[in-house]
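Throughout the sequence shown, residue numbering follows UniProt numbering, covering 1 to 293 in sequence. Every residue gets a Cβ at the ideal spot worked out from N, C-alpha and C, and that includes glycine. Only one structure is covered here, and it is reproduced in the block below.
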Amino acid sequence: MKRGLKLSVAALLLTGVMTGCNMKGTNKKPAPTAKLTGTISAAGSTALQPLADEAAKEFMTTYPQVSITIQGGGSGTGVNQVSSGAVQIGNSDVPAAEKLTNPSLAKGLVETKVAGIGYSIITNKDVGVDSLTQLQIQNIFSGKTTNWKDLGGKNEKINVINRPASSGTRTAFEKTIMKNVKINDSVGTVQDSNGAVEQAINSTPGSISYLANSYLAGGKKTTLKTVKINGKDSTVANITAGNYPFYSYEYMITKGAAKSPVKEYVDYVKGDSFSKKVEEMGYIPISKMKGLK
């Protein structure tokens, strides 16, 4: 009997020790997640730059040991610089192959769609035209139509303001609006960024151009006149419903698969937590672009 009691007590003690070990294991805190560190360099699209800048500011607040530098220069600059290794991210309004000086190098690049972007036809406020058909826009930029009176506006010369060949915004315009009609660069002037176009439109009577909607957000529509295309405004609803043709995706392009901290930054830009800011700034959250080319 005494022997049985001793065994029972021993068993209880052993169980208690084992339980104590198990409880100790369960209460163990997980190892802290490693903090992100490093530098990120990006260049390219001036249409995407405001969003990339805002995301970088928020990202660096969360991860103060990460430093992000973003430059413009146009989609062509971004794509070719990431291909050569000069930057880690090439920001572009179009797929890489359309802007590479050597298209065969596109095979080594990884394109991530981070947002959609709508574009608007804009004019100086004095032209007196509220809507243009796609054909009328083609005729203006090809040089066939040269006076606003032929489009129902004032008797005033049309001053075309274009973008350089390296611009992704121009490529989007050529693909979605001009189609197979060639732009005639001799009929107007060329400005190398959205900001420069905005200034030129405001200061040039009879002028017309095109801008990313991110540059029209935040009250800038009070100084620029936006013109409907085929009677439709450049709204998120019209674009996502397929009723407005002038839009594109925004790409962040890396050489090979993105590594930390570049991967986390790109994921942040296209992630749900940043999507409200994406829309506030005049872009389209990637989740709303489903089904669009």
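Pairwise C-alpha distance: residue j and residue i
i, j, result
"G152", "D130", "9 angstroms"
"K179", "K125", "27 angstroms"
"G206", "K228", "17 angstroms"
"A47", "N155", "33 angstroms"
"G282", "D233", "14 angstroms"
"I201", "L224", "8 angstroms"
"Q49", "E250", "10 angstroms"
"L109", "V127", "44 angstroms"
"K99", "S83", "11 angstroms"
"S275", "A241", "19 angstroms"
"E198", "A257", "36 angstroms"
"I161", "Y247", "19 angstroms"
"V236", "T37", "36 angstroms"
"V262", "Q136", "43 angstroms"
"I284", "L51", "11 angstroms"
"K259", "E58", "19 angstroms"
"T189", "V87", "30 angstroms"
"R215", "A196", "Before going on, a small fix: residue 215 reads as Tyr here, not Arg. Spanning the two alpha carbons is a distance of roughly 11 angstroms."
"I208", "A55", "31 angstroms"
"N102", "G72", "21 angstroms"
"N80", "N194", "20 angstroms"
Cutoff 6 angstroms; reference residue i; Cβ partners in own chain excluding five residues on either side
i, result
"T226", "S120, I122"
"K270", "V114, I286"
"G143", "N184, V187"
"residue 301", "With the chain represented from 1 up to 293, any question about residue 301 goes unanswered, as that position is not in the structure."
"R163", "T169, R170"
"T146", "I158"
"G74", "S166, S167"
"I239", "G118, Y247"
"K288", "T240"
"L132", "V227"
Cβ shell of residue i (< 7 angstroms), same chain only, five flanking positions each side left out
i, result
"G85", "K255"
"M252", "I89, N91, T112, V114, V266, V269"
"T77", "A43, G44, S166"
"K290", "none"
"N243", "K232"
Secondary structure of residue i, DSSP reduced to three states
i, result
"I183", "coil"
"T112", "strand"
"T189", "strand"
"A106", "helix"
"residue 305", "Nothing can be reported for residue 305, as the shown portion of the chain is limited to 1 through 293."
"A212", "strand"
"G282", "coil"
Close beta carbons around residue i, own chain, < 8 angstroms, minus the five adjacent residues each side
i, result
"K35", "Y63, Q65"
"M60", "V66, S67, I68"
**Report entry** Within the segment 214-280, ranges of the alpha helix (DSSP H) (whole runs, at least 4 residues)
**Finding:** Entirely contained in the segment 214-280, the alpha helix (DSSP H) runs reaching 4 residues are, in chain order, 236-240, 262-270, 275-280.
Report task. Let me know the alpha helix (DSSP H) ranges lying completely inside the segment 39-82, each 4 residues or longer, listed in chain order. Result -> For the segment 39-82, whole alpha helix (DSSP H) runs of length 4 or above, ordered along the chain, are 49-62.
Query raised in the report: Would you call the segment 167-186 and the segment 93-101 touching, i.e. three or more CB-CB distances under 8 angstroms?
Result: The segment 167-186 vs the segment 93-101: in contact.
Query raised in the report: At what residue ranges does the segment 122-198 contain a whole run of the alpha helix (DSSP H), taking only runs of 4 or more?
Result: Secondary structure remark: continuous alpha helix (DSSP H) runs of at least 4 residues inside the segment 122-198, in chain order: 134-141, 168-173.
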